[in-house]
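Colleague: Just so you know, the sequences run in chain order G and A.
For the first sequence, our numbering assigns the number 1 to the initial residue and increments by one for each residue that follows.
For the second sequence, our numbering assigns the number 1001 to the initial residue and increments by one for each residue that follows.
Beta carbons: idealized from backbone N, C-alpha and C, even for Gly.
Dropping the structure in here first, questions after.
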Amino acid sequence: MNAAPAVEAIDLVKHFDGTRAVDGVSFVVPEGSVLGLLGPNGAGKTTLVRMLTTLSVPTSGTGRVAGFDVVRQPTEVRRSLGLTGQAATVDEILTGRENLKLIGSLYGLPRKYVREATERLFARFDLLDAADRMAKTYSGGMRRRLDLAVSLLAAPPILFLDEPTTGLDPQSRSGLWAVLRELVSEGTTLVLTTQYLEEADQLADEIVVVDKGRVIAAGTPTQLKDQAGRASVVVTLTHAADLERAAELMSSCSQEVHVERGSRRLTAQAGGLGDMTRIAAVFETSGIELDDLGLARPSLDDVFLHLTGRRADAENASNPSTEGVAS
Amino acid sequence: MTAVQTTRAPAARPPIAPPSLVRASATIVWRNLLHIRRMPEMLLDVTVQSVMFVLLFAYVFGGAIAVRGADYKEFLLPGIMVQTMVFSSAIVAMGLTSDLQKGIVDRFKSLPIPRSAVLVGRSISSLIHSSIGVAVMAVTGLLIGWRIRNGVVDGVLAFLLLLLFGFAVIWLGIWVGSMMRTVEAVQGFMFTVMFPLTFVANTFAPPESMPAWLRTIAEWNPVSAITQACRELWGNGPPAAADAAWPLQNPVAVSIGWSLVLTAIFAPLAVTAFRRRSRD
Ligand SMILES: Nc1ncnc2c1ncn2[C@@H]1O[C@H](COP(=O)(O)OP(=O)(O)OP(=O)(O)O)[C@@H](O)[C@H]1O
Ligand SMILES: [Mg+2]
């Protein structure tokens, strides 16, 4: 495997008079992989992307894209990347097609290529019907897609996307995810920022969680979930009447069992698959009817709240509905 | 650390030929002119508004303004054309701020083009914008009796002086446009600057009738020199009064000088402000 990095951030720092927007961030994105930059508002995601795409000059540190230094070799960097910024930057007065013509001409691409690529991209993003309308008549989702089409025109090997699905309805969002997966399968390296844990979970090979300009965690989605807490076995009963007996049975296998009466659900901390099969065996012989039995990992939501220290709210909110049954 | 290496392209990558400054600027001019074509109302400021100025001053106030040895309409036209040209600084500022605000400049900056193309393209399209205004003024003038009376060479020279002056004030516009955050702010500021600049001058009335201190300001105003130069080159008015300040005695040389001085002052300020704005 040649794991030459497509993107490298080495101790990147950006200060705006007084604000440490990015305060020493490092990461490496191997070629062909997807990095998710996850963080709350003001974490520094956009600032990071702007530095790596040559739009903003770092206060200190180094950024490399396709092996080129973002400060010393900006033109080479710009040739290698595509960027879809947080706010759609399409020209509203031009039609969709003219937007691509404009950008194609600024890349110095052959006209014929631009014409063909426009048809291909517009077909892919479902924009053919609107291609000759001014972009100001587009919906938010259409603008996003046009913005993405513009970014993809020169078929960049590395694509930066700053909150690509913010403001999209669920259907457009999953549509965009499908397109991004397709690009990745063709070999494109993706760096995407998001506030949606689900998005990072769905797309990213590696996640870097940033908060207040610093990296507070990094790893694969699975690693991050493991960090946040152990998995649990979740059992849903068919009859609420069995709750007491089921809780007792589960307590014999696990130290900590939670009962949710309304949903007839019991949750037990588990070390892994072994615990789950043991609990399954116990219920098998008990005669208690089950709707469902499964292993639940903590969601990235849990991870995120855990890491950014904003978990307390979530706990307070969920406590009243959960009742602890000590063993 | 890592050696420079090429990254595998996902699909066959098309040939990218980063355009020269000229080509990139031409593309941006095409885009800006397309805006004007789609929104012709953008031209109102240099067309309808200027025509109204001409008609107001020629037929409403004109009777009350005495110009020794010249027809007021002929006297007025060069002044209005200079005013239209000065307006290019407001046009460039508003266009630039709008593009900065909407992230269009960021989009351009993420492309492999010379960074100055954004400014060069913007400047040229703004000059075209105000030149359309000057052309409309010329036609209006011809309809109400204004004429170029001193031959083709001097006539063309005056238009070139106008363009040179427009080029100089455009730097002021780029400077203001790079520093302000909203188009509304730019508009407010530029109008505040533009009105005294074009009225405290010989644009609409001879400065001889002003109080002494104001007359001095008016006669040293760059707008007066260029207006006087156009009047003399087009044969639209008498030479400046014998006791007028020195700039008005040598208007052609002085207006070239003013254009160069203004460029020397505002171009570095503009470029620095635009660079600073684009570092963040
Ligand atoms: N041009 C600027 N001038 C001054 N401060 C800035 C500038 N750009 C960003 N900041 C500050 O830097 C910090 C990080 O901002 P940034 O936009 O990178 O966050 P973000 O993670 O992208 O947030 P969001 O999720 O809201 O987009 C914020 O405190 C922001 O106010
Ligand atoms: Mg952001």
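Ligand 2 and G/Glu163: does the residue's C-beta get closer than 8 Å to at least one heavy atom of that ligand?
Modeller: Flag set: Cβ of G/Glu163 near ligand 2.
Colleague: Rounded to whole angstroms, how far is the Cβ of G/Ala231 from the Cβ of G/Leu295, which I believe are closer than 8 Å?
Modeller: Right, the Cβ-Cβ distance comes to about 5 Å (below 8 Å), so this counts as a contact.
Colleague: Tell me whether G/Lys212 counts as near ligand 2, meaning its Cβ is closer than 8 Å to at least one heavy atom of that ligand.
Modeller: No, the Cβ of G/Lys212 stays beyond 8 Å of every heavy atom of ligand 2.
Colleague: Excluding five sequence neighbours on each side, which residues of the same chain lie with their C-beta closer than 7 Å to the C-beta of G/Gly324?
Modeller: Reliability of the predicted coordinates at G/Gly324 is poor, the pLDDT of 34 falling under 50, and the value obtained from them is presented with this limitation in mind. Around G/Gly324: His258.
Colleague: Please list the segments of the beta strand (DSSP E) lying wholly inside the region 181 to 264 of chain G, counting only runs of 3 or more residues, in order along the chain.
Modeller: Those beta strand (DSSP E) runs which fall completely within the region 181 to 264 of chain G and span 3+ residues are 189 to 194, 206 to 211, 214 to 219, 232 to 237, 256 to 260.
Colleague: DSSP state of G/Val34, grouped into three classes?
Modeller: Strand, per DSSP.
Colleague: Using a beta-carbon distance below 9 Å, is A/Pro1112 in contact with chain G?
Modeller: Yes, its Cβ sits closer than 9 Å to a Cβ of chain G.
Colleague: By the DSSP assignment, the alpha helix (DSSP H) with G/Phe160 in it spans what residues?
Modeller: That residue, G/Phe160, is in no alpha helix (DSSP H); its beta strand (DSSP E) goes 158 to 162.
Colleague: Which same chain residues end up closer than 7 Å to A/Ala1212 when comparing Cβ atoms and leaving out the 5 residues on each side of it in sequence?
Modeller: For A/Ala1212, where only same-chain residues beyond five positions count, there are no Cβ hits under 7 Å.
Colleague: Buried or exposed for G/Asn41, going by 16 or more other Cβ atoms inside 10 Å?
Modeller: The residue is exposed, with fewer than 16 neighbouring Cβ atoms inside 10 Å.
Colleague: So is G/Asp242 buried or exposed if we call it buried at 16+ other beta carbons inside 10 Å?
Modeller: Buried is the call here.
Colleague: In chain order, what residues of the same chain have a beta carbon less than 8 Å from the beta carbon of A/Val1029, not counting five sequence neighbours either side?
Modeller: Closer than 8 Å at Cβ, skipping near neighbours: Gly1121, Ile1124, Ser1125, Ile1128.
Colleague: Under 8 Å, with one C-beta from each stretch per pair, do the region 38 to 55 of chain G and the region 98 to 105 of chain G reach the 3-pair mark?
Modeller: No, because fewer than three Cβ pairs between the region 38 to 55 of chain G and the region 98 to 105 of chain G fall closer than 8 Å, the two stretches do not touch.
Colleague: So for A/Ile1080, helix, strand or coil by DSSP?
Modeller: A/Ile1080 falls in the helix class under three-state DSSP.
Colleague: Residues of chain G with a CB under 7 Å from the CB of A/Arg1279: which are they?
Modeller: In chain order: Ser56, Val57.
Colleague: Any C-beta of chain G sitting closer than 9 Å to the C-beta of A/Lys1073?
Modeller: Taking Cβ atoms only, chain G never reaches closer than 9 Å to A/Lys1073, which makes this a no.
Colleague: With DSSP as the reference, identify every bridge partner of G/Thr19, one or two as the case may be.
Modeller: DSSP lists G/Phe16 as partners of G/Thr19.
Colleague: Roughly how many angstroms separate the alpha carbons of G/Ala130 and A/Met1180, rounded to a whole number?
Modeller: One C-alpha to the other measures close to 34 Å.
Colleague: Output, in sequence order along the chain, the residues in the region 128 to 143 of chain G whose CB is closer than 9 Å to any CB in chain A.
Modeller: Those residues of the region 128 to 143 of chain G that come within reach of chain A (Cβ to Cβ, closer than 9 Å) are Met134.
Colleague: Just the chain A side, please: which residues come within less than 8 Å of G/Thr166 by C-beta, in chain order?
Modeller: Near G/Thr166 there are no residues of chain A at all, since even the closest Cβ is about 15 Å away, more than 8 Å.
Colleague: For G/Asp291, which residues in the same chain have their Cβ closer than 8 Å to its Cβ, ignoring the five residues on either side in sequence?
Modeller: Result list for G/Asp291: Thr236, Leu237, Thr238, Arg264, in chain order.
Colleague: With a threshold of 9 Å between beta-carbons, can A/Thr1027 be considered close to chain G, or not?
Modeller: Yes - at least one Cβ of chain G is within 9 Å of the one on A/Thr1027.
Colleague: Give a yes or no on whether 9 Å exceeds the smallest Cβ distance from A/Trp1030 to chain G.
Modeller: It does; some Cβ of chain G falls within 9 Å.
Colleague: Determine whether the Cβ of G/Ala280 lies closer than 9 Å to any Cβ atom of chain A.
Modeller: No - not a single Cβ of chain A is within 9 Å of the one on G/Ala280.
Colleague: Which of helix, strand or coil does DSSP assign to A/Ile1016?
Modeller: If DSSP states are grouped into helix, strand and coil, A/Ile1016 belongs with coil.
Colleague: Taking the alpha carbon of G/Thr194 as the reference point, which residue from G/Asp23, G/His15, G/Leu38, G/Val13 has its own alpha carbon closest?
Modeller: That would be G/Leu38, whose Cα lies nearest to the Cα of G/Thr194.
Colleague: Name the chain G residues whose beta carbon is nearer than 9 Å to that of A/Met1039?
Modeller: In chain order: Ile93.
Colleague: By a C-beta neighbour count over all protein chains shown, 10 Å radius and 16 as the cutoff for buried, is A/Met1094 buried or exposed?
Modeller: Answer is buried; the Cβ neighbour count reaches 16.
Colleague: Using 10 angstroms around the beta-carbon of A/Thr1007, count the other beta-carbons present and answer buried if the total reaches 16, otherwise exposed.
Modeller: Caution applies to A/Thr1007, whose pLDDT of 45 falls short of 50 and renders its modelled position unreliable; the value that the coordinates give is listed next. Label assigned to A/Thr1007: buried.
Colleague: Please name the residue, chosen from G/Phe27, G/Val22, G/Glu31, that lies closest to G/Ser188 on a Cα-to-Cα basis.
Modeller: In the sequence as displayed, the identity of residue 188 of chain G is Thr instead of Ser. The residue with the shortest Cα to Cα distance from G/Thr188 is G/Glu31.
Colleague: For ligand 1, which residues have a Cβ under 6 Å from at least one heavy atom, in chain order?
Modeller: Listed along the chain, these residues meet the criterion: G/Phe16, G/Thr19, G/Ala21, G/Gly39, G/Asn41, G/Gly42, G/Ala43, G/Gly44, G/Lys45, G/Thr46, G/Thr47, G/Gln86, G/Gln195, A/Asp1280.
Colleague: For A/Arg1149, is the classification buried or exposed, using 16 other Cβ atoms within 10 angstroms of its Cβ as the cut-off for buried?
Modeller: Classification of A/Arg1149: exposed, given that the 10 Å Cβ count is below 16.
Colleague: Can you tell me whether G/Met250 is buried or exposed? The criterion is at least 16 other CB atoms within 10 Å of its CB, across all chains shown.
Modeller: Counting Cβ neighbours within 10 Å, G/Met250 comes out buried, since at least 16 surround it.
Colleague: Just curious, the alpha helix (DSSP H) that A/Thr1192 is in, first and last residue?
Modeller: Element bounds for A/Thr1192: 1183 to 1199.
Colleague: Report the residues of the region 1123 to 1142 of chain A with a CB closer than 7 Å to any CB of chain G, ordered along the chain.
Modeller: Of all residues in the region 1123 to 1142 of chain A, none has a Cβ within less than 7 Å of some Cβ in chain G.
Colleague: By the three-class DSSP mapping on this structure, what secondary structure does A/Thr1263 have?
Modeller: Note: A/Thr1263 maps to helix in three-state DSSP.
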